[in-house]
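Under the numbering used here, think of the first position of the sequence shown as 10, with each following residue one higher. Following: one structure in structure tokens, then a few remarks.
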Amino acid sequence: LTDFLQATRLREKTVIVVTSDHGEALGGHGETYHGYYVYDSTLRVPLIITLPGTKNQTPEVSQPVSLLDVAPTILQIVGIPRPPQMQGRGLLASILGKPQNPVPIYSESLFANLHFGWGPLRCLDLGRYKLILSKKSELFDLEEDPGERKNLFSENRAMGLECKHRLEEIVTTYTRNVPQKELPKLSEEALSKLRALGYIGAPSQALTSIAEDLPDPKDRIQLYNLYLKAGALDCASPTGKCLPQVRELYQSGRELPIGPETESPSRCVNPRTRQDLR
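Here's what the structure looks like:
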């Protein structure tokens, strides 16, 4: 890329941004892929920004920033005013080596809530401390515990409650006056395309707010992994090889949707063969 920009004399006019949408858990905390949890294994991504014609190395920034900051930063670099409704902040000062005050970083995973009716996971990263709000909330000291293994929520109750209050303020601010909409139903063709990309199923539940009374996704991770396994077998083979896993899944958690043609909570069928899986 840089060779092309140099050869075409575009480097002096080009802002380069290198980043990613998510990481991969690779089995950390029991999560195989991404999207289910909000641990740093999937939230932390690279963010490299170079200015037009920059020859010197951009300073490294250790404080947390957000992908929401990318668009405001690009507008800041090219001198275009940021629209008032745009979230995030410009990072040009940090790129130029001028420290900026840290701000809380909000993240969320609504996957388990939208698909299965379990609790949403909402997260606030303050730099050192990080809160994951759920029925069984977690507080981590990222300086001492970057792997997020020791939950300090009960031990450091004051910090946990402060983080919770700040997180709830953010959720309230950005969900105020947001109309509730029914999720669109996907066609079998659309579902097939999602499966081909490695996604199993589609959202089927209405979004809730904080919902600390709903089942904690941490208590459902084994059930979810079984769901993934059964779905992968179903995608790979229409011959019924997945039936033992699907039967186990159905018996373990009837709250799960088993395929797009599930007709009722008491009856679950194979979408291809119409065979009753009980």
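Positions of the beta carbon are idealized from the N, C-alpha and C atoms, including for glycine.
Note on geometry: alpha-carbon atoms of Ala199 and Val47 lie some 27 Å from one another. Per the C-alpha coordinates, the member of Pro92, Leu84 and Ile58 positioned closest to Ile104 is Ile58. Here Arg166 is actually not in contact with Pro113; their C-beta atoms are around 19 Å apart, not less than 8 Å. By the neighbour-count criterion, in which a residue is buried when 16 or more other Cβ atoms sit within 10 angstroms of its Cβ, Pro93 is exposed. Taking each of Ala34, Gln15 and Leu119 in turn and checking the Cα distance to Ile25, the smallest one comes out for Gln15. Annotated three-state conformation of Lys22 is helix, per DSSP.
DSSP lists Lys139 as the beta-bridge partner residues of Phe149. A Cβ-Cβ distance of about 19 Å is found for the pair Ser146 and Gly126, leaving them out of contact under the 8 Å criterion. Residue range Ile114 to Ser118 is occupied by the beta strand (DSSP E) that includes Glu117. For a cut-off of 8 Å, the C-beta gap from Ser143 to Leu130 is around 5 Å, short enough to register as a contact. Just measuring C-alpha positions, the residue of Lys107, Tyr45 and Gly156 sitting nearest Pro68 is Lys107. For the region 51-121, the continuous alpha helix (DSSP H) assignments of 4+ residues that do not extend past its boundaries occur at 79-87 and 101-104, in sequence order.
In the DSSP assignment, Arg131 falls within the beta strand (DSSP E) that extends over Leu130 to Asp134. For Phe13, the enclosing alpha helix (DSSP H) starts and ends at Thr11 to Ala16. Inclusion of Tyr236 and Ala121 in the CB contact set at 8 Å is not warranted, their separation being larger than that value.
Non-local beta-carbon contacts of Arg137 in its own chain, meaning distances under 8 Å to residues more than five positions away in sequence, involve Asp150, Leu151 and Glu152 in chain order.
It is roughly 31 Å from the alpha-carbon of Pro81 to the alpha-carbon of Asp154.
Across the structure, Gly88 and Arg18 are spaced so that their CA atoms are roughly 21 Å apart.
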